[in-house]
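Notes follow once the structure below has been shown.
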Amino acid sequence: MTKWGICAVACTVLFLSACGPPSSAPENAGKWKIGVPDESAGLIVDYLIHEKGANCTVVDSAISVYPIKDCCTANMEWALSSGELDMAIMCPDAAARLIQKDARFAILGPCMINSDIIVLAPAAPKAGLRIAVSHRRHFQRQMVYSAFGPDSRPVPMLHAGVAFAYAKGAVDGAVLDVLKGFYLNGKMIQPGETGQDWTTYVFVVKKAFQQTPDFKNFFALLQDAVHELNQPGPLKQALKKYRKTELTDEMVEQWKTLNIKFVHPFDSRP
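In our numbering, the protein residues as written are 32 to 301.
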């Protein structure tokens, strides 16, 4: 497909995925508002609320969850900088931009590693691969170069358009969330050298929340959730409830082979 074809695909997705800002969520739904991606990393908050009782036993007020389709959009950055959200799970690039602009927020550390994987088309060429990546997620470009060398060509586009472009044959491969990669025709690979981990999501928090008693309790509960979700059994059950997705034994084995893990933000500190 020509570059004009790729542009047409991206424009189509832009039209289809247009949506309003997070402020359209119900008012006064909760004291603490968390921005959560609609991908594998969002499972951790869903598990905290529905399995660990975070909504009623840890935080004094109920937690409101705001779905995030793309943390790199202007709408998402506006929601955080305007005070709309108190916490969020974001990609590392979006988080870095946020704290540069707004000193009220801090990055606590990773919450998930290796959840973005590369799917390569069956008929992909051996060199000069065109790999779709999400716009403004620079770490995904590095993943592509690490996997395929300097002659590879990352093709940035809207986050919502990556899987669409791949399915239409506009690119030779795509970097996207593992839960989407499972259902695309192609080979799933782990980028980079063996043993190399990529931080795909980090936990960002408003510093004011760190000063509350709820902060310690919330992240203590998170530790238990991380440990449980890294076990095959709880992971399969949690994903079934979270996305109505039934992981096969082969998928669970792929998850393990790709070294996809939930991590606690504080575990990354010395």
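The beta-carbon is built from N, C-alpha and C at its ideal position, and this holds for glycine as well.
- Taking 8 Å as the cut-off, the Cβ atoms of V150 and G204 count as close.
- Under the 10 Å beta carbon count, N216 is surrounded by fewer than 16 other beta carbons and is classified as exposed.
- When the Cα atoms are used, F234 and D77 turn out to be separated by approximately 15 Å.
- Less than 8 Å separates the beta-carbon of I144 from that of W229.
- Under the three-state reduction of DSSP output, L139 falls in the strand class.
- For V193, the enclosing alpha helix (DSSP H) starts and ends at 193-198.
- Shown here, S146 sits in coil according to DSSP, grouped into three states, outside any helix or strand.
- Ranked by Cα distance from L160, the options V206, D133, L252, P265 are led by V206.
- For the pair of segments examined, the region 175-189 was found not to touch the region 261-268: the number of CB pairs separated by less than 8 Å stays below three.
- Beta-bridge partners of I94 (DSSP): W63.
- Within the DSSP bridge table, the entry for F234 names I120, G140 as partners.
- Setting aside the 5 residues that flank it on each side, L260 is surrounded in the same chain by L74, I75, Y78, L266, A269, F293, each with a C-beta closer than 8 Å to its C-beta; the list follows chain order.
- For the pair R184 and D117, the Cα-to-Cα distance works out to about 37 Å.
- Contact check for V193 against W286 fails: the beta carbons are separated by 8 Å or more.
- In this chain, K157 is not harboured by any alpha helix (DSSP H), its DSSP state being neither H nor E.
- If you look at V283, you'll find it in the alpha helix (DSSP H) that goes 280-288.
- Note on geometry: alpha-carbon atoms of M219 and T288 lie some 10 Å from one another.
- Shown here for H169: same chain residues with a beta carbon closer than 6 Å to its own, the five before and five after excluded, namely D124 in chain order.
- Rounded to whole angstroms, the Cβ separation of F136 and V236 is 7 Å, and the two are in contact under 8 Å.
- Sequence-distant partners of T276 (beyond 5 residues in either direction) whose C-beta falls short of 6 Å from its own C-beta, in its chain, are L270.
- For A256, the enclosing alpha helix (DSSP H) begins and ends at 244-260.
- Using a Cβ distance threshold of 8 Å, N290 and Q242 do not count as a contacting pair.
- In this structure, DSSP gives D208 an extended state, which the three-state scheme calls strand.
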